[in-house]
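Per the numbering used here, the very first residue in the sequence shown carries number 54; after that it's consecutive. All residues carry an ideal CB built from backbone N, CA and C; glycine is no exception.
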Amino acid sequence: MAAMIALVFLCIVLSISTDTFLVKNNLFSVLRQVCVNCFIAFGITCVLICGGIDLSVGSVVAAAGVIAVRCGNAGLPLIVCILIPLMFGAVIGFFNGFVISHTTLPAFIVTLSTQIIVRGISYILTGGQPAQSNNEVFNNMGVGSVFGIPIPVVFVIGAFIILYFIMNRTSFGRHVYATGGNKEAARYAGVDTKWIQVRVFVISGVMAALAGIVLAARLYSGQPSVGEGFERDAIAASVLGGTSFNGGIGTLGGTMVGVLIIGVLNNGMNLLKINSYWQFVVKGIVILGAVYVDYLKKRGSLKK
């Protein structure tokens with residue numbers, strides 16, 4: 054509720070401050086831009102709820118985009134151009150989850166290492182240069198529309214529905230919350246917490262790969278340098294939406310609101326012609342504020 058109020062307040066302020074915020078083209082631009090963060094944040098939310106963190110998503114975005122473009126340029130069917138990078142994301146997620154759950158290594162260290170490795174793979178595949186996409190069918194995924202709705206938005210809605218069902222209507226989803234809330238208690242209750250962790254990291258990898266596919270289609274290219282810092286916006290959106298760093302708490306609906314807050318904030322600062330350097334400062338303050346609110350919630354729950 055607090056995140057929704059903040060989003061409405063931000064929209065009101067920007068609609069008063071600038072004449073172009075509520076223009077149709079600008080709103081559609083915001084929707085297209087937030088889709089990438091939506092996919093990543095959905096995956097990050099699942100990982101955070103389970104009590105982990107995934108810093109490799111930005112690199113997976115880049116690598117998946119490069120792989121998708123290479124597949125498209127090779128003349129492979131569109132479904133193959135989508136499935137291969139999704140499988141790549143799943144493999145990276147599986148690796149992260151398996152190492153984290155079956156060793157004592159912290160998720161921060163494992164996913165940071167994977168981030169560097171996968172970024173290197175992106176540069177190796179492209180020789181450090183953007184891979185231009187000449188497949189119009191593939192490119193249309195990023196810029197096309199269905200009944201006036203941008204295709205990336207349709208994908209986001211589909212991903213939200215599927216993940217919402219998984220997290221709220223299945224035993225797996227309940228086990229994710231239980232693992233994040235109290236891993237030891239969940240284990241004693243018969244939950245296989247190790248494989249629950251593996252699966253949420255697979256979800257995160259697949260969502261990051263989907264973000265990479267859509268972004269590459271929108272940019273008409275797979276760029277090895279893209280995605281740097283994407284994990285920050287995704288984590289910020291998740292926490293703004295009410296997901297706790299301590300695990301066990303969070304909703305996909307709240308995350309979507311958090312993504313919109315970040316997207317509207319970015320768009321508003323651009324419309325107001327705020328220096329890009331100051332934009333980093335503002336977003337950093339927003340993230341710090343979100344983390345502090347999470348801390349206050351945690352402290353309040355402990356007192357109770």
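Ignore the nearest five residues each way along the sequence and tell me which others in residue i's own chain have a CB closer than 6 angstroms to its CB.
i	result
A121	C134, P138, I266, A269
A116	V171, I174, S175
N320	V83
N78	none
Y273	S186, N192
Q276	P183
V209	C88, C91
When DSSP labels each residue in this structure, what does residue i get in the three-state scheme?
i	result
L239	First, the amino acid is wrong: residue 239 is Ala here, not Leu. A239 falls in the helix class under three-state DSSP.
S109	coil
I327	coil
L129	coil
G258	helix
T308	helix
G265	helix
S297	coil
I214	helix
G150	helix
F74	coil
I13	The chain is shown from 54 up to 357; residue 13 falls before or after that span and cannot be answered.
I302	coil
Under the DSSP definition of a beta bridge, which residues are partnered with residue i?
i	result
A184	G275
D198	A small correction: the amino acid at residue 198 is Ser; Asp does not occupy that position in the sequence shown. Looking at the DSSP assignment, S198 forms a beta bridge with P203.
Where does the unbroken alpha helix (DSSP H) through residue i begin, and where does it stop?
i	result
L80	77-102
E281	Looking at the DSSP string, E281 is not in any alpha helix (DSSP H), and its letter there is neither H nor E.
V244	Element bounds for V244: n/a, residue is neither H nor E.
L158	First-last for L158: undefined, no H or E at that position.
S68	55-70
F225	224-234
So, for residue i: in the same chain, excluding its five sequence neighbours on each side, which residues have a beta-carbon less than 7 angstroms away from its beta-carbon?
i	result
S109	I145, N149, T164, T167, Q168, V171
S154	K247, Q250, V251
S291	A94, I97, T98, L101, G303, T308, G311
V229	C99, I102, C103, M220, I249, V253
Let me confirm a value: residue i is counted as buried when at least 16 other C-beta atoms fall within 10 Å, else exposed. Which label applies?
i	result
Y345	exposed
N328	exposed
P130	exposed
I65	exposed
E284	buried
D286	buried
A56	buried
T156	exposed
P203	buried
F254	buried
D72	exposed
G180	exposed
G128	exposed
R112	First, the residue type needs correcting, since residue 112 is Ser and not Arg in the sequence shown. That one is buried.
F141	buried
Cutting at 8 angstroms between CB atoms, please list the residues of its own chain near residue i, excluding the five before and the five after it.
i	result
S68	F74, L75
L305	F95, T98, F213, L216, Y217, M220
V207	V199
L60	V310, L313, I314, V317
Indicate, with yes or no, if the ligand SAM has a heavy atom lying under 7 angstroms from the CB of residue i.
i	result
V206	Absence of the ligand SAM is noted for the structure shown, with no ligands found whatsoever.
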